Amino acid sequence: MRASQTLSPTLKETPSDAEVISHQLLLRAGMIRKVAAGLYNWLPLGLKVLRNVESIVREEMNKSGAQEVLMPIVQPADLWEESGRWEQYGKELLRIKDRHDRDFCLGPTHEEVITDLIRNNLNSYKQLPQNFYQIQTKFRDEVRPRFGLMRGREFLMKDAYSFHSSEASLQETYDLMHQTYCNIFERLGLDYRPVEADTGSIGGNGSHEFHVIADSGEDAIVFSDQSHYAANIEKAEALAPKDNASEPSQALEKFATPDVHSIEALCQFANTSADQTVKTLLVHGENHTKEAPELIALILRGDHELNEIKAEKLDGIKAPLTFAEPSEVKAVTGTDIGSIGPQDNLTSYVDRSAAVLNDFYTGANETGFHNKGVNWERDFTLPKVADIRNVVAGDPSPCGKGTLHIKRGIEVGHIFQLGTKYSQALNATVLDENGKAKTLIMGCYGIGVSRVVAACIEQNHDDKGIIWPEAIAPFKAIILPLNLKKSETVKLEAEKLYQSLDNANIDTYFDDRDERPGVKFADAELLGIPHQFIIGDKALKNGEIEYQNRATGERKPLPLSEIDAFIGSL
RNA sequence: CGGGGUAUAGCGCAGUCUGGUAGCGCACUACACUGGGGGUGUAGUGGUCGCAGGUUCAAAUCCUGCUACUCCGACCA
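The first sequence begins at 26 in our numbering and counts up one residue at a time.
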């Protein structure tokens, strides 16, 4: 492709509304342009990258035996009412009406449509298992689209749905998809990690997320340094400390703590450390109403963070987890936030780590006062003990081997054992061996194709621009002829090289623009094409051109006679 | 959802406080020079100053309403 014939508007300056590096570089490299919040045009080079990702995904999915289908973006409300999600889904589901005033939505996902398709067209257990996928545009009306392609409203997704007559069969396909996803991310050339994930409200036996490792990632993932254990921090279990609480050695003592409202302030004031303190968080119980507040106490060691996912699953707690308003706290406990301690009168849960402390500091349940030398059972009843905190780096791995480390990750894939959630709601059954109707068991498997493009840049860039992995680069090679307009030899050699690369089936970008060398170098770097061929009079005098590798920065002369061999080695 | 910020040429911004000819850099067009790391000069093109209303002799500027975009927060006892 010739640069002079390509819409590739590169920018010298970073557009002011782009925050993350992938967004900035995609805009600067002329690969995408914004249409509205969370909606983007894909320009030729960007689209080539997207298509490259797409075709790797497609090849590997086909290899796994999955069948490609294509479902509509616009979906009838009826199906969503059947699954119950028309009510549940919330505002992310963009609802629209047609000319007859009938309700439709833009598909944020396709469980309903695929289940409807299958219930009408699969009848026998003998036809199972089957796995269907599509690569298609999804629409989610995000509260706050941000980070460019990372969290757009419209995005390209590969979603797959498998159907089974037994759990064992589901497990088999699930494992196959796990392997397929590893193959895909391997081929994409990304540093990624599959991690155990929370199964959320759906339950089921298993779920894994696939994360691209990048400092800018929105998720924290934890992994053991001595085993293959890896999990989303939402899911990772914090083991109970080995030691039990020791005997109280101090007497309970109340002391005034004016203007101390945080653990940090308490530590400074009382000259202690956060791991010797206990904090009490109050959240809404499941029967909570404004008129009759029901609060539940969650008790943690001061240096630990509450894991909301874990807490939400405890008995009696309202989902989604909501913290009590300061006024509600005051009304129920008679104390202002900042001086709350364990509550003998409220349903309470204490984290495993906080449960083994003794002689600790905590709020005195009296505004402006804290207690020291506090001990469980002697001073407060020890509540139900549960794992309700996030693990921290250095915790022992729940698998029993090694210590946990934490990294940031970008979620690019998610596989899920759905079970019968949708098949039951939509009454999708097949006849079993005995001629009895049996509810289908389902799995679902997603990859954020457009997000992969952004994640890839987050992971692979430098201060000059993008560094595409070869597998998805918009072009494999770029030719940079210097002083093209004036030098006949440069022109001749450049055209010859372009032809040779073409003959070798190497997709090449030919920068035939009449630009000064500096502009061409800078753009080539920005675009991130892996192999650069520089053709200038200087080197040609010695019968050479130059080669530069974008990723390594390696630059070397290439005698004209050796070009063909070198091309062959790419 | 809560709290900020911004809206002026394709991009980045000044001008708004204190109303009076719409500006700068980049990009773009033409010509010339230059030609191995975003070069130089000369001459140009391009904007109903987000939208609607109001005040005024006069509004990018003041007032009112709206819209869009964007950032932060939603881990605090």
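Note that CB positions come from ideal geometry on N, CA and C, so glycine has one too.
Just so you know, these numbers come straight off a predicted model, no measurement behind them.
Exercise. Give the secondary structure of Thr358 by DSSP, where H, G and I count as helix, E and B as strand, and everything else as coil.
Key: Assigned with DSSP and collapsed to three states, Thr358 falls in helix.
Quiz item: Going by other Cβ atoms of all chains shown within 10 Å of its Cβ, with 16 needed for buried, is Leu595 buried or exposed?
Solution: Leu595 comes out exposed.
Quiz item: How about the stretch 456-475 and the stretch 497-505: do they share at least three Cβ pairs that are nearer than 8 Å?
Solution: Output reads no: the stretch 497-505 does not touch the stretch 456-475.
Practice problem: Tell me, please, which residues DSSP counts as bridged to Asn156. | Solution: DSSP, once it has assigned bridges, lists Ser187 as partnering Asn156.
Practice problem: Taking 8 Å as the cut-off, decide whether the C-beta atoms of Ser352 and Phe394 are in contact. | Solution: No, the Cβ-Cβ distance between Ser352 and Phe394 is not below 8 Å.
Quiz item: CA-CA distance, Thr599 and Ala480?
Solution: One cannot answer for residue 599 here, as it falls past the ends of the chain, which runs 26 to 595.
Quiz prompt | CA-to-CA distance, Leu195 to Ile209, given in whole angstroms | solution = Rounded to whole angstroms, Ile209 to Leu195 spans 21 Å at the Cα level.
Quiz item: CA-CA distance, Val478 and Asp328?
Solution: Distance between the alpha carbons of Val478 and Asp328 is about 37 Å.
Quiz item: Are Gly242 and Gly434 touching if we call contact CB-CB under 8 Å?
Solution: Taking 8 Å as the cut-off, the beta carbon of Gly242 is found closer than this to the beta carbon of Gly434.
Practice problem: Could you tell me whether the stretch 504-516 touches the stretch 202-220, using the rule of 3 or more Cβ pairs below 8 Å? | Solution: These segments do not touch.
Self-check item: Spatial distance of Lys545 from Lys335 (CA atoms)
Solution: Going from the Cα of Lys545 to the Cα of Lys335 covers about 53 Å.
Exercise. Report buried or exposed for His189, applying the criterion of at least 16 other Cβ atoms within 10 angstroms of its Cβ.
Key: Buried, by the Cβ-count rule.
Exercise. Label Asp1 either buried or exposed according to how many other C-beta atoms from any shown protein chain fall within 10 Å of its C-beta, with 16 as the threshold for buried.
Key: The shown model of the chain, from 26 to 595, leaves out residue 1, and the question about it has no answer.
Quiz item: Per DSSP, Leu64 is paired with what?
Solution: Leu64 is bridged to Ala61.
Exercise. Could you tell me the boundaries of the alpha helix (DSSP H) in which Glu221 lies?
Key: Segment 217-221 is the beta strand (DSSP E) holding Glu221; no alpha helix (DSSP H) there.
Practice problem: Would you tell me roughly how many angstroms separate the C-alpha atoms of Val515 and Ile491, rounded to the nearest one? | Solution: Computed Cα separation, rounded: 27 Å.
Quiz prompt | the stretch 243-257 touching the stretch 390-410, judged by at least three CB pairs closer than 8 Å | solution = No: fewer than three Cβ pairs fall under 8 Å.
Exercise. Out of Phe558, Arg377, Val437, state which residue places its alpha-carbon closest to the alpha-carbon of Phe235.
Key: Of all alpha-carbon atoms in Phe558, Arg377, Val437, the one lying nearest the alpha-carbon of Phe235 is that of Val437.
Quiz prompt | Sheet register partners of Gly132 (DSSP bridge) | solution = Gly132 is not bridged to any residue.
Exercise. Check Ser475 in the structure and name its three-state DSSP category.
Key: In the three-state reduction of the DSSP assignment, Ser475 falls in the helix class.
Quiz item: To which residues of the same chain is Ile592 closer than 7 Å at the C-beta, ignoring the five residues directly before and after it?
Solution: Within the same chain, Ser525, Leu526, Ala529, Ile531 come within 7 Å of Ile592 by CB-CB distance, once the 5 residues on both sides are set aside.
Quiz item: Is DSSP giving Val417 helix, strand or coil here?
Solution: In this structure, Val417 counts as coil in the three-state DSSP scheme.
Quiz prompt | Whole-angstrom distance between Asp404 and Glu483, CA atom to CA atom | solution = If you take the alpha carbons of Glu483 and Asp404, they lie about 51 Å apart.
Quiz item: Does the stretch 414-422 come within contact of the stretch 298-312, defined as at least 3 CB pairs closer than 8 Å?
Solution: At 8 Å Cβ cutoff, the stretches do not touch.
Quiz prompt | Whole-number beta carbon distance between Leu52 and Pro40, since they are thought to touch under 8 Å | solution = Contact flag correct, Cβ pair sits at about 5 Å.
Self-check item: Cβ shell of Leu104 (< 6 Å), same chain only, five flanking positions each side left out
Solution: Cβ within range, chain order: Glu137, Asp141.
Exercise. Express the C-alpha separation of Leu451 and Ile21 in angstroms, rounding to a whole number.
Key: Here the chain has residues from 26 to 595 only, and residue 21 is not among them.
Quiz item: Taking the C-alpha atoms as reference points, what is the distance between Asp457 and Lys463?
Solution: Taking C-alpha positions only, Asp457 is separated from Lys463 by approximately 6 Å.
Quiz item: Going by other Cβ atoms of all chains shown within 10 Å of its Cβ, with 16 needed for buried, is Ser287 buried or exposed?
Solution: Around the beta-carbon of Ser287, fewer than 16 other beta-carbon atoms lie within 10 Å, marking it exposed.
Self-check item: Continuous beta strand (DSSP E) assignments of at least 3 residues falling wholly in the stretch 488-531
Solution: The qualifying runs are 502-506.
Self-check item: Neighbourhood of Ser271 by C-beta, 6 Å cutoff - its chain only, sequence neighbours within 5 removed
Solution: In chain order, Asn383 place their CB closer than 6 Å to the CB of Ser271, counting only its own chain and leaving out the 5 sequence neighbours on each side.
Practice problem: Report the three-state DSSP secondary structure of Phe405 (helix, strand or coil). | Solution: DSSP places Phe405 in strand when its eight states are reduced to three.
Quiz item: CA-CA distance, Asp589 and Phe558?
Solution: Going by the C-alpha atoms only, they are around 13 Å apart.
Quiz item: If you draw a straight line from the alpha carbon of Gln155 to that of Ile81, how long is it in whole angstroms?
Solution: So the two alpha carbons sit approximately 21 Å from each other.
Exercise. Output the boundary residues of the beta strand (DSSP E) element that contains Val603.
Key: Here the chain comprises residues numbered 26 to 595, so residue 603 is not present and cannot be evaluated.
Self-check item: beta strand (DSSP E) segment containing Gln557, residue limits
Solution: Gln557 -> beta strand (DSSP E) spans 556-560.
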